[in-house]
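There are 2 protein chains.
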Amino acid sequence: MYDVVKTAVENRDFKKVKEIFSQLNEADIADLIQGFHDNQEVDAKDITLLFRLMPKDSAAEVFTYMDSDMKELLINSLTDTELEEVIDNLFIDDTVDLIEEMPANVVARILRASDPQSRRMINMILKYPEDSAGSIMTTEYVYMKKDMTVRETLDKIRSLGMVKETVYTIYVTSQHRRLIGVLSILDLLTADDDELVGNIMDENVITVETTEDREVVASKFSKYDFVALPVVDNEQRIVGIVTFDDVIDVIEEEATEDFAHMAAVSPSEESYFKTSVFTHAKNRIVWLLVLMLSSTISSVIISHYEAAFAAIPLLVASIPTLTGTGGNCGSQTSTMIIRGMSLGEIQLRDFFRVIFKEFRISLIVSLILGSVNFARIYIQYYSDPSVDSFRLALCVSLAIVAAVIMSKLIGCILPMAAKAIRLDPALMAAPLISTIVDASTSLVFFNIALVIFGIKL
Amino acid sequence: MYDVVKTAVENRDFKKVKEIFSQLNEADIADLIQGFHDNQEVDAKDITLLFRLMPKDSAAEVFTYMDSDMKELLINSLTDTELEEVIDNLFIDDTVDLIEEMPANVVARILRASDPQSRRMINMILKYPEDSAGSIMTTEYVYMKKDMTVRETLDKIRSLGMVKETVYTIYVTSQHRRLIGVLSILDLLTADDDELVGNIMDENVITVETTEDREVVASKFSKYDFVALPVVDNEQRIVGIVTFDDVIDVIEEEATEDFAHMAAVSPSEESYFKTSVFTHAKNRIVWLLVLMLSSTISSVIISHYEAAFAAIPLLVASIPTLTGTGGNCGSQTSTMIIRGMSLGEIQLRDFFRVIFKEFRISLIVSLILGSVNFARIYIQYYSDPSVDSFRLALCVSLAIVAAVIMSKLIGCILPMAAKAIRLDPALMAAPLISTIVDASTSLVFFNIALVIFGIKL
């Protein structure tokens, strides 16, 4: 498909391009044009031309699916009238997203191209805190008064002619837009034409407040399975709705952000390839530096026990096994806890329950790992007369047991502590925990060695 | 709310409970009853009683929101007639989920309680591979012939009286159920009553095949923003639909699975607290054992260079810094690549592009880390006459540069290689990569040390 359109563009056969576009979904058209741009196979002028081939309502939808570089290019090449048409056909939340990702001079053009009412809505949404329900909502929804009939409501929906998701749920408001009920379009269709909306609405409305975090919005969607959730202010007045498709994006973005944090990377808004090498490096270097310098603590601890490994050099060879196992145990636990907290399965009040659970898990796991490791070392050095294989095996295995228990406890305490002081728990993940576990494991290991081998520092 | 209902149950004031239930969303009622059960505050008999207080259609919905232990309890306490009513009010996909999580004897009861047609549907869905589109679809959707009028279609929807999401999109089929078009309920409402469905339908239908992975389904949802996607067999006949609410669950489950894999834990279907200590231990021990035994390679390498750290004991103190930094770099890269692949941003054909990008990133990052580390060691040991601080700093910093570059390359090659041989890329995450990086970093480090300090083994 890509090549067919490319050839048609090269042959200036725009009639054919138009025909192909008419058979494609808007998201796929956006992919095509974006591809031409990314691969620099079609120049900016022709891309604007391709964009102009589409009917106005498709064009706006195609526009929303594009990356921000393409959006900027198009905004800069369209005439004022064309831009007004595109903006006019965008949902308010898409316009807000657009404004948030464009440079200031482009934003000015977008605002000029919006009608006064949209501009008011845009400004309202822009005022909500980042990642709040208010910041991701849209203001295009259908609302009715409770003394309207089913027929009047259906007529209103027909006359609005709004697209898709926004009409599946109809909100019923009292005076001053206070939200008092909700009904689905199916309720309307199956009710008597002269029935009053107030009689068939569901008064038990689940809402989110404008200032609630978008993660709360996402978890309400996955709990209640709604197509849309109404967003209300602190006086229960409806100010917008969040639709399921935006929530799917939120869920994916939040997970991506957690993955980045847990790998000690500053999250990026752009995709992997759209992010430059320098930005990637910048997003990674801070944590690497912090962690590298923190590892100096382990170095100091190890230097302190020089006498121990001067006497028993094989102790050194066990350091990677110990720190590796400790790090893995800590990262298992912290990952489980962090994920459990973002899914709402684990709450702060479960603090001691989690610690007790992880402690019991660590007992089982550490005993198995310790025993296997004991056997491995004992067998490996059994026939070597220069090594006290029993003591070495005992020393490393005891250290493993201690490392596993410590790291599982650190792995559950730190993320919950972070949550308690309102930090993102995902920051307390594998990299930081490994660094802490490295130091504490080394300390415990060498002290066990001093005792078992009777070494004096 | 919880305490109010609890007190009402204790006072046997079921009229009040019933009244409260009527004002709650089904998901919240399920939470309440589940809470009573989990905290063992209400016995099994009363839980069944609470369940019986609800009207039949709510009861089925409440049932779907419960955990599997509660579902099993209820199935075992309801009479045959009651169970039939519940099953009858479930969507087919919920019945299938139920069957998949229940023990065999309970499954037999569920199947007996289903009507023959549902049983046929259930068996069909159960035959699709796990995690395929077919396995998560439901068979309750609205389909029409293209020569039906808008009025006939709306009448059919009214008479079906189906709930929620399944009626927002209407599918148009030719003979033999071949899918030829799609239209939304809004298209119906805004069209003329006598218009033929065939004239207003959109012929460009986006579908998924029964055998496609549910991750593909999820990415199509997040690309196209549909409320439902039709599932077709290999002859383009519609066999079911997947709705957005199931997709939200899929996206969350897939992310949870990735988190678990990336922390070297076997994913669990149950929540953190519902999983027993033994199961948690079992899910974690296998990878820990594998990784612990693999770390023996690093031990062997380090033992091999005993002469080096016998001569320069401070080399040992740098091991945690080196392996830690290498591990962190590798985990940053692998996490970015794994996440990029699950979001579809990175494809296998981007293999060399990714490697080149990571190589350039690693150059920047390694030079910064190397320089800082050089300065740190040089300053720390500058005044210590027993240490050749310049050579030590040089040796560790060169090793850091090598470790960063190696680990970033390993971190991108392994997940993509896993994908190429159809393994889950998330398995090639921090824990495994750290273990590999530990060994290779140690090897490089001691060889650099041998050269710089002129040590002979």
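Just so you know, the protein sequences line up as chains A and B, in that order.
Position one of the first sequence corresponds to residue 1153 (this note's numbering), numbered consecutively onward.
Position one of the second sequence corresponds to residue 1153 (this note's numbering), numbered consecutively onward.
A virtual CB, placed ideally from N, CA and C, is assigned to each residue, including glycine.
Since the structure is predicted, the reported quantities are computational estimates derived from the model, not experimental observations.
Checklist entry - So what's G1606(A) in DSSP terms, helix, strand or just coil? => result Here residue 1606(A) refers to the residue found at position 454 when the first sequence is read from its first residue. Three-state DSSP puts G1606(A) in coil, outside helix and strand.
Next on the checklist: If the criterion is Cβ atoms closer than 8 Å, does the pair S1486(B) and L1561(B) meet it?
Outcome noted: Your numbering for residue 1486(B) matches position 334 in the second sequence. Your numbering for residue 1561(B) matches position 409 in the second sequence. Contact flag unset, no.
Checklist entry - D1576(B) versus chain A: which residues are under 8 Å apart at the beta carbon? => result For the purposes of this step, residue 1576(B) is taken as residue 424 along the second sequence, with counting starting at 1. Within chain A, no residue comes near D1576(B); the closest Cβ sits about 15 Å away, beyond 8 Å.
Item to check | Length-filtered (3 minimum) beta strand (DSSP E) runs lying within the region 1300-1384 of chain A | outcome: Runs of the beta strand (DSSP E) lying entirely within the region 1300-1384 of chain A and spanning at least 3 residues, in chain order: 1321-1325, 1331-1336 and 1380-1384.
Checklist entry - Is Y1530(A) closer than 8 Å to A1554(A) when the C-beta atoms are compared? => result Working through the first sequence from its first residue, we reach residue 1554(A) at position 402. Working through the first sequence from its first residue, we reach residue 1530(A) at position 378. No, these two residues do not count as a Cβ contact at 8 Å.
Checklist entry - Ordered along the chain, which non-local residues of its own chain (more than five positions away) have a Cβ less than 6 Å from that of T1200(A)? => result As a working note, residue 1200(A) is residue 48 in the first sequence. S1229.
Checklist entry - So, does the CB of A1260(A) fall closer than 8 Å to a CB anywhere in chain B? => result Here residue 1260(A) corresponds to residue number 108 of the first sequence, with the count starting at 1. No - not a single Cβ of chain B is within 8 Å of the one on A1260(A).
Next on the checklist: Considering only the alpha carbon of each residue, which of D1232(B), P1281(B) and M1276(B) lies closest to R1264(B)?
Outcome noted: Working through the second sequence from its first residue, we reach residue 1264(B) at position 112. Ranking the options by Cα distance to R1264(B), first place goes to D1232(B).
Item to check | DSSP beta-bridge partners of M1296(A) | outcome: Working through the first sequence from its first residue, we reach residue 1296(A) at position 144. Answer is V1324(A).
Checklist entry - So which residues of chain A does Q1175(B) contact, with C-beta pairs closer than 9 Å? => result Your numbering for residue 1175(B) matches position 23 in the second sequence. Close partners of Q1175(B) in chain A (Cβ separation under 9 Å): E1355 and N1356.
Next on the checklist: Using a Cβ-Cβ distance cut-off of 8 Å, determine whether I1469(A) contacts chain B.
Outcome noted: Along the first sequence, read from residue 1 onward, the residue named residue 1469(A) stands at position 317. With the sequence shown as reference, residue 1469(A) is identified as Ala, and Ile is not the correct amino acid for it. Yes, contact with chain B.
Item to check | N1275(B) classed as buried or exposed, judged by whether at least 16 other C-beta atoms fall within 10 angstroms | outcome: By one-based count along the second sequence, residue 1275(B) stands at place 123. Per the 10 Å Cβ criterion, exposed.
Next on the checklist: Just checking: is the beta-carbon of M1444(B) within a distance shorter than 8 Å of some beta-carbon in chain A?
Outcome noted: Stepping through the second sequence from its first residue, residue 1444(B) is reached at position 292. Output row for M1444(B): interface = yes.
Next on the checklist: I need the straight-line Cα distance from T1342(A) to A1285(A), nearest angstrom please.
Outcome noted: Residue mapping note: residue 1342(A) aligns to position 190 of the first sequence, counting from 1. Residue mapping note: residue 1285(A) aligns to position 133 of the first sequence, counting from 1. Distance between the alpha carbons of T1342(A) and A1285(A) is about 32 Å.
Item to check | D1129(B) versus A1179(B) - alpha carbon distance | outcome: Outside the displayed span of chain B (1153 to 1609) sits residue 1129(B), for which this structure offers no information.
Checklist entry - How about R1329(B) and V1517(A): do their beta carbons lie closer than 8 Å? => result Translated into the one-based positions of the second sequence, residue 1329(B) becomes position 177. Translated into the one-based positions of the first sequence, residue 1517(A) becomes position 365. Contact flag unset, no.
Next on the checklist: Between the region 1476-1493 of chain A and the region 1408-1422 of chain B, can you find at least three pairs of beta-carbon atoms closer than 8 Å?
Outcome noted: yes
Checklist entry - Mapping DSSP to helix, strand and coil, what is I1498(B)? => result Here the question's residue 1498(B) lines up with position 346 in the second sequence. DSSP places I1498(B) in coil when its eight states are reduced to three.
Checklist entry - If I1471(B) and S1594(B) are in contact, beta carbons under 8 Å, what's the gap, nearest whole angstrom? => result By one-based count along the second sequence, residue 1471(B) stands at place 319. By one-based count along the second sequence, residue 1594(B) stands at place 442. That belief holds up - the Cβ atoms of I1471(B) and S1594(B) are roughly 7 Å apart, short of 8 Å.
Checklist entry - Does DSSP put S1518(A) in a helix, in a strand, or in coil? => result Within the first sequence, residue 1518(A) is the residue found at index 366, counting from 1. Residue state, collapsed to three classes: helix.
Checklist entry - In its own chain, which residues sit with a C-beta less than 7 Å from the C-beta of A1572(A), not counting the 5 before and 5 after it? => result For the purposes of this step, residue 1572(A) is identified with residue 420 of the first sequence, where counting begins at 1. So the qualifying residues of the chain are L1500.
Checklist entry - Using the beta-carbon of each residue, which ones in chain B are nearer than 7 Å to T1159(A)? => result Counting from 1 along the first sequence, the entry for residue 1159(A) is found at position 7. Those do not exist, as T1159(A) stays about 21 Å from chain B at its closest Cβ, beyond 7 Å.
Item to check | Any C-beta of chain A under 8 Å from that of K1316(B) | outcome: For the purposes of this step, residue 1316(B) is taken as residue 164 along the second sequence, with counting starting at 1. Annotation note: pLDDT 49 at K1316(B) (below 50); position unreliable, coordinate value reported separately. Chain A, which has a Cβ nearer than 8 Å to the Cβ of K1316(B), makes this yes.
Item to check | Beta-bridge pairing of T1395(A) - partner residues as DSSP gives them | outcome: Here residue 1395(A) is taken as the residue at index 243 of the first sequence, counted from 1. DSSP lists A1380(A) as partners of T1395(A).
Checklist entry - When you compare each of I1332(A), I1309(A) and F1173(A) to N1356(A) by their alpha carbons, which one comes out closest? => result Counted from its first residue, the first sequence places residue 1356(A) at position 204. For N1356(A), the nearest C-alpha among the options comes from I1332(A).
Item to check | Three-state secondary structure assigned by DSSP to S1420(B) | outcome: Indexing the second sequence from 1 puts residue 1420(B) at position 268. Note: S1420(B) maps to coil in three-state DSSP.
Checklist entry - Do V1391(A) and T1359(A) have their C-beta atoms closer together than 8 Å? => result In the first sequence, counting from the first residue as 1, residue 1391(A) sits at position 239. In the first sequence, counting from the first residue as 1, residue 1359(A) sits at position 207. Cβ distance not < 8 Å, so V1391(A) and T1359(A) don't count as in contact.
Checklist entry - Mind checking whether T1475(A) and T1473(B) have CB atoms under 8 Å apart? => result By 1-based counting over the first sequence, the position of residue 1475(A) is 323. By 1-based counting over the second sequence, the position of residue 1473(B) is 321. At a Cβ-Cβ threshold of 8 Å, T1475(A) and T1473(B) do not count as neighbours.
Checklist entry - What does K1509(B) touch in chain A if you count any residue whose Cβ is under 7 Å from its own? => result As a first step, residue 1509(B) is located in the second sequence; it is residue number 357 there, counting from the start. Correct list: V1429.
Item to check | Sequence ranges, alpha helix (DSSP H) only - wholly within the region 1218-1306 of chain A, length at least 4 | outcome: Listed in chain order, they are 1220-1229, 1232-1240, 1244-1253, 1256-1265, 1268-1279 and 1285-1288.
Next on the checklist: Does any residue of chain B have a CB that is nearer than 8 Å to the CB of Y1424(A)?
Outcome noted: Along the first sequence, read from residue 1 onward, the residue named residue 1424(A) stands at position 272. True, the Cβ-Cβ gap to chain B drops below 8 Å.
Item to check | C-alpha gap between Y1320(A) and D1397(B), whole angstroms | outcome: Residue mapping note: residue 1320(A) aligns to position 168 of the first sequence, counting from 1. Residue mapping note: residue 1397(B) aligns to position 245 of the second sequence, counting from 1. Answer to the nearest angstrom: the Cα atoms are 14 Å apart.
Checklist entry - Residues of chain A with CB under 7 Å from I1309(B), in chain order? => result Position 157 of the second sequence, counted from the first residue, corresponds to residue 1309(B). The answer, in chain order, is L1341.
Next on the checklist: Determine whether the beta carbon atoms of L1440(A) and L1515(B) lie at a separation below 8 Å.
Outcome noted: On the first sequence, residue 1440(A) is found 288 positions in, with the first residue counted as 1. On the second sequence, residue 1515(B) is found 363 positions in, with the first residue counted as 1. Contact: no.
Item to check | Selection from L1495(B), K1297(B), S1446(B) and A1459(B) that minimises the alpha carbon distance to E1372(B) | outcome: Position 220 of the second sequence holds residue 1372(B). Sequence inspection shows Lys at residue 1372(B); the Glu mentioned does not correspond to that position. The candidate whose alpha carbon is nearest that of K1372(B) is L1495(B).
Checklist entry - List, in order along the chain, the chain B residues whose C-beta lies closer than 8 Å to that of V1417(A)? => result Taking the first sequence and counting its residues from 1, the one referred to as residue 1417(A) is at position 265. The answer, in chain order, is Q1484, T1487 and M1488.
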